[in-house]
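Numbering (my numbering), first residue to last: 139 to 412.
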């Protein structure tokens, strides 16, 4: 009897720890997705409140920034003057959000922030500060980076499921830029040759670490700008709604089974000796 009084609380503690471990990744990802959806919706609501001439001027400033970037030549370590101008451009509410990215094939809808600091990449995707801003233009090459495999957020986890021909959308201010995937490559971390601008082309590349959980290389998904195309039944929704990831269903199924198992252990009558 005395042993049972000790074992029962220990089993309960183990049960609570087990439930917490099962729920944490999915709940954390769920919360991050909701926050991302709200951030994207808030950004576009603020854009709608701006006067048309103000939006046009902000977009034009970004185009001029890209032109200056091409004239000076790309450098992976921008100077203070360039960085100062960079962080002022497309920063409508001073929180660093410059655009959003939508990838229908893998159900991604995320804010894009200036830079790739740890703070940014824990909850969203970041724009490589040495690359062209996401406003398009001949000779521009925008590079966007995101983590995969974080327990707290999905982000670019499914980027490896994209294939040539997929499209993704960059929503900047009141414009939508559409890119079609033309090349998928795996490179060494220091190999930036495929991220450089190409004269006469309008490119955008998505970057993440690979292989999953090893992160020794970089997965590059490069797309070229295309004109508006038919989107079928896909609808871009700026609300609090989002698509439920199948992984979220795992703990919903696993937790009740785990509880039943632990309940069976707790209620099991000890065998009588003799």
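Backbone N, C-alpha and C define an ideal beta-carbon position, used for all residues, glycine too.
Residue 330 and residue 283 look like a contact to me (Cβ under 8 Å); what is the Cβ gap, rounded to whole Å? Their Cβ separation, rounded to whole angstroms, is 12 Å, which puts residue 330 and residue 283 out of contact at 8 Å.
Exposed or buried, residue 194, counting other C-beta atoms within 10 Å across all chains shown (16 or more means buried)? Residue environment for residue 194: exposed (fewer than 16 other C-beta atoms within 10 angstroms of its C-beta).
Going by the C-beta, is residue 194 closer than 8 Å to any heavy atom of the ligand SAM? With respect to the ligand SAM, the structure offers nothing, as it holds no ligand at all.
Applying the criterion that 16 or more other CB atoms from any shown protein chain within 10 Å of the CB defines a buried residue, is residue 226 buried or exposed? Exposed is the label assigned to residue 226, since fewer than 16 other Cβ atoms lie within 10 Å of its Cβ.
In whole angstroms, what is the alpha-carbon distance linking residue 199 and residue 235? Spanning the two alpha carbons is a distance of roughly 16 Å.
Please report the residue range of the alpha helix (DSSP H) in which residue 323 lies. Element bounds for residue 323: not the alpha helix (DSSP H) but the beta strand (DSSP E), 313 to 325.
Coarse secondary structure for residue 341, derived from DSSP in three states: Reduced to three states, the DSSP call for residue 341 is strand.
Residue 213 burial status per 10 Å Cβ neighbour count (16 or more: buried): A residue is called buried once 16 or more other Cβ atoms fall within 10 Å of its Cβ, and residue 213, having fewer, is exposed.
Whole angstroms is fine: what's the gap from residue 357's alpha carbon to residue 324's? Cα-Cα distance, rounded: 5 Å.
Residue 311 and residue 270 - do their beta-carbons sit closer together than 9 Å? Contact: no.
With 16 as the cutoff for other CB atoms within 10 Å, does residue 272 come out buried or exposed? Buried, because 16 or more other Cβ atoms sit within 10 Å of the Cβ of residue 272.
Range covered by the beta strand (DSSP E) that runs through residue 225: Where residue 225 is concerned, there is no enclosing beta strand (DSSP E), although the alpha helix (DSSP H) it sits in stretches over 218 to 226.
For residue 369, which residues from the same chain have a beta carbon less than 6 Å from its beta carbon, with the 5 sequence-adjacent residues on both sides left out? Because the pLDDT of residue 369 is 45, which lies under 50, any placement of that residue in the model is unreliable, and the number read from its coordinates should be weighed accordingly. No residues qualify anywhere along the chain.
So the beta strand (DSSP E) residue 240 belongs to, where does it begin and stop? Counting along the chain, residue 240 sits inside the beta strand (DSSP E) bounded by residues 235 to 241.
Leaving out five residues on either side along the sequence, give the residues of the same chain with a beta carbon under 7 Å from the beta carbon of residue 87. With the chain covering 139 to 412 only, the question about residue 87 has no answer from this structure.
When 251, 237, 341 are compared against residue 314, the one with the closest alpha-carbon: Measuring from the Cα of residue 314, the nearest candidate turns out to be 237.
What does DSSP give as the partner residue(s) for residue 181 in the beta ladder? None; residue 181 has no bridge partner.
Look at the alpha carbon of residue 184 and the alpha carbon of residue 233, and state the distance between them as a whole number of angstroms. Straight-line measurement puts the Cα of residue 233 at about 12 Å from the Cα of residue 184.
Determine whether the beta carbon atoms of residue 298 and residue 261 lie at a separation below 9 Å. For residue 298 and residue 261, no; Cβs fall outside 9 Å.
With 16 as the cutoff for other CB atoms within 10 Å, does residue 302 come out buried or exposed? Residue 302 is classed as exposed because its beta carbon has fewer than 16 other beta carbons within 10 Å across all chains shown.
When you compare only the Cα positions, how much space is there between residue 304 and residue 366? Whole-angstrom Cα-Cα distance: 14 Å.
Distance between beta carbons of residue 307 and residue 342, contact taken as under 8 Å: The distance from the Cβ of residue 342 to that of residue 307 is about 10 Å, inconsistent with a contact at the 8 Å cut-off.
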